[in-house]
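Visitor:
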Amino acid sequence: MLGCWLLLCSPAFGFVTDDLLTNNTPNNFADDLQDAARWSNVPGSVLSNIRGLGEGLEYAIAPDFCSQIIPLFQDRQPPNCAQIEQEIQKAFDHWGENHAVLNFTPVTASLAAQLPPNGASEPWRGFGAEIDLFVQSPDDYPLVNNFGAYTSFWYTNQRPIGLQGQPVSGKTMTSADIIFNNRSCYFFNAQQPISGCNHFESLLIHEVGHALALDHPNEFPQRNFDTDNTPGNPIPIDCQQPTQNLKLVSQIDVAAIMNSHLGEAAGPQPQLSLDDIGGRNFLYPLCQTVSSTLPSRDRPNPWQLFGGLLVASFCCVFGVAKIMQQREKQRRKKRRTGF
Ligand SMILES: [Zn+2]
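Numbering (our numbering), first residue to last: 1 to 339.
1) Just list the beta strand (DSSP E) runs in the segment 161–210, keeping only unbroken ones of 3 residues or longer that don't cross its boundaries, in chain order.
2) Evaluate the contact criterion for the segment 246–256 versus the segment 185–193: three or more CB pairs, one atom per stretch, below 8 angstroms.
3) Let's test the definition: count the other Cβ atoms within 10 Å of the Cβ of residue 51 and tell me whether it reaches 16, buried, or not, exposed.
4) Indicate the three-state DSSP secondary structure (helix, strand or coil) for residue 46 in the structure shown.
5) Run the CB neighbour count on residue 72, radius 10 Å, all protein chains shown included, and call it buried at 16 or more, exposed below.
6) Distance, Cα to Cα, residue 41 vs residue 174?
7) Report yes or no: do the segment 151–159 and the segment 168–183 share at least 3 C-beta pairs separated by less than 8 angstroms?
8) Spatial neighbours of residue 45 within its chain, please: C-beta separation below 7 angstroms, excluding the five flanking residues on both sides.
9) Taking all protein chains shown into account, do 16 or more other C-beta atoms lie within 10 angstroms of the C-beta of residue 269, making it buried, or fewer, making it exposed?
10) Under three-state DSSP, which class holds residue 235?
11) Can you give me the C-alpha to C-alpha distance between residue 245 and residue 271, rounded to a whole angstrom?
12) Assess contact between the segment 94–105 and the segment 137–148, defined as three or more Cβ pairs (one per stretch) separated by less than 8 angstroms. Is contact present?
13) Can you find at least 3 beta carbon pairs, one from the segment 234–252 and one from the segment 68–85, that sit closer than 8 angstroms?
14) To the nearest angstrom, report how far apart residue 136 and residue 112 are at their CA atoms.
15) Is residue 20 helix, strand or coil when you go by DSSP?
16) When you measure from the CB of residue 184 to every non-hydrogen atom of ligand 1, does any distance come out below 6 angstroms?
17) Let me know the secondary structure DSSP gives residue 71 once reduced to three states.
18) Is the CB-CB distance between residue 15 and residue 275 below 7 angstroms?
19) Could you please give the first and the last residue of the uninterrupted beta strand (DSSP E) stretch that includes residue 153?
20) Label residue 213 either buried or exposed according to how many other C-beta atoms from any shown protein chain fall within 10 Å of its C-beta, with 16 as the threshold for buried.
21) Determine which residues share a DSSP beta bridge with residue 38 and list them.
22) For the alpha helix (DSSP H) that residue 93 lies in, which residues bound it at each end?
23) What span of residues does the beta strand (DSSP E) with residue 215 cover, start to end?
24) With respect to the alpha helix (DSSP H) encompassing residue 275, which residues constitute its N-terminal and C-terminal limits?
25) State the DSSP-derived secondary structure class of residue 33, mapped to helix, strand or coil.
26) With DSSP run on the structure shown, which of helix, strand or coil describes residue 222?
27) Would you kindly check if the distance between the Cβ of residue 127 and the Cβ of residue 116 is under 7 angstroms?
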């Protein structure tokens with residue numbers, strides 16, 4: 001009864017950054033914001049080997065993506081490849097709404113999607129585009145087992161360049177891979193949900209949130225941040241001091257697209273909540289005047305950005321997960337963190 005009341009009435013609160021990024025104080029959540037990962041605000045394209053927000057976050061879709069995923073759609077009339085590609089762009093664009101700098105650019109025609117090969121000596125340098133999309137079997141990509149999709153990302157300990165053109169605290173993201181599970185099922189039409197299958201667009205919006213380094217509020221309520229205790233209102237972010245006024249608030253936003261759906265497929269929910277937007281705006285705080293191009297003398301060589309400890313982080317998601325698999329996921333994450 002209590003759970004039902006919470007579900008119906010819980011106000012909107014907060015966002016969570018990736019759970020592996022703890023500012024080296026895993027039992028103290030108050031400083032987690034100092035350790036958040038984000039894409040660096042550097043000019044240039046991944047086609048010139050420069051990784052960051054310049055030219056938009058550039059994504060590549062694996063060549064066999066459509067042929068693999070179309071048979072998994074259970075709609076009476078499954079989408080064709082062009083519709084899937086449009087839906088992918090649409091899912092990305094939700095995160096770029098009303099944001100002058102954060103946008104997403106397809107580069108599939110110029111750059112092949114690629115996962116870091118097994119044994120790659122410097123996988124954090126990135127393979128393929130900044131964000132790559134695949135459909136894979138759990139046999140080939142075990143992390144996606146029991147999930148509708150799984151996102152992993154790489155980052156370095158180098159401080160990223162913030163939207164105001166200066167280094168900010170935290171980690172620099174270099175690559176993200178979104179893997180759909182070829183043993184899951186999906187549906188395209190939000191008006192005609194199919195029980196037990198994942199709404200493709202909603203699932204992808206959630207995964208893109210991981211590719212921006214956000215995590216699951218419902219899974220980590222102890223790490224959930226907001227600026228106040230007022231339900232359902234926007235989270236105002238000070239663009240010069242984004243951590244200002246943010247505090248831990250353990251009540252989570254039940255409507256956040258970043259909540260995971262343990263044991264359930266992703267239902268149709270193709271929009272961000274105000275709290276999802278708060279998380280985005282914390283990572284990419286926009287002032288009215290935005291420096292998107294640094295003076296050349298201050299412009300970092302992107303490869304000089306890479307240094308320090310190499311770390312990989314994995315986030316997962318929605319899908320057909322069960323609690324046991326969630327535990328397994330945590331173990332894997334910790335193991336992989338040792339890289
Ligand atoms: Zn997730």
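Note that beta-carbon positions come from the ideal geometry of N, C-alpha and C, so glycine has one too. None of the values given here were measured: they were computed from a predicted structure.
Guide: In terms of the structure at hand:
1) 171–181
2) no
3) Your numbering for residue 51 matches position 51 in the sequence shown. Buried.
4) Against the sequence shown, residue 46 aligns to sequence position 46. Three-state DSSP puts residue 46 in a helix.
5) In the sequence shown, the residue the question calls residue 72 occupies position 72. Buried, because 16 or more other Cβ atoms sit within 10 Å of the Cβ of residue 72.
6) Within the sequence shown, residue 41 is the residue found at index 41, counting from 1. Within the sequence shown, residue 174 is the residue found at index 174, counting from 1. Rounded to the nearest angstrom, the two C-alpha atoms are 12 angstroms apart.
7) Contact annotation: the segment 151–159 touches the segment 168–183, with at least three C-beta pairs closer than 8 angstroms.
8) Indexing the sequence shown from 1 puts residue 45 at position 45. Contacts found: 54, 55 and 58.
9) As a position in the sequence shown, residue 269 is number 269, starting the count at 1. Buried, by the Cβ-count rule.
10) As a working mapping, residue 235 is identified with position 235 in the sequence shown. In the structure shown, residue 235 sits in coil (DSSP, three-state: anything other than H, G, I, E or B).
11) The residue you call residue 245 lines up with position 245 of the sequence shown. The residue you call residue 271 lines up with position 271 of the sequence shown. Cα to Cα, residue 245 sits roughly 26 angstroms from residue 271.
12) no
13) Segments in contact, no.
14) For the purposes of this step, residue 136 is taken as the residue at position 136 of the sequence shown. For the purposes of this step, residue 112 is taken as the residue at position 112 of the sequence shown. Answer to the nearest angstrom: the Cα atoms are 16 angstroms apart.
15) As a position in the sequence shown, residue 20 is number 20, starting the count at 1. For residue 20, the secondary structure class from DSSP, reduced to helix, strand or coil, is coil.
16) For this step, residue 184 is matched to residue 184 along the sequence shown. No.
17) Indexing the sequence shown from 1 puts residue 71 at position 71. The answer is helix: DSSP assigns residue 71 an H, G or I state.
18) As a position in the sequence shown, residue 15 is number 15, starting the count at 1. As a position in the sequence shown, residue 275 is number 275, starting the count at 1. Between residue 15 and residue 275, the C-beta spacing is below 7 angstroms.
19) Counting from one through the sequence shown, the residue named residue 153 turns up at place 153. Residue 153 -> beta strand (DSSP E) spans 149–156.
20) Residue 213 sits at position 213 when you count from the first residue of the sequence shown. So residue 213 ends up on the buried side.
21) Taking the sequence shown and counting its residues from 1, the one referred to as residue 38 is at position 38. Paired residue(s): 172.
22) Taking the sequence shown and counting its residues from 1, the one referred to as residue 93 is at position 93. Per DSSP, residue 93 belongs to the alpha helix (DSSP H) from 81–96.
23) Within the sequence shown, residue 215 is the residue found at index 215, counting from 1. Here residue 215 belongs to no beta strand (DSSP E), and DSSP marks it neither H nor E.
24) Here residue 275 refers to the residue found at position 275 of the sequence shown. That run of the alpha helix (DSSP H) goes 274–283.
25) Position 33 of the sequence shown, counted from the first residue, corresponds to residue 33. DSSP places residue 33 in helix when its eight states are reduced to three.
26) The residue given as residue 222 occupies position 222 in the sequence shown. Reduced to three states, the DSSP call for residue 222 is helix.
27) One-based indexing of the sequence shown puts residue 116 at position 116. One-based indexing of the sequence shown puts residue 127 at position 127. Cβ atoms of residue 116 and residue 127: closer than 7 angstroms.
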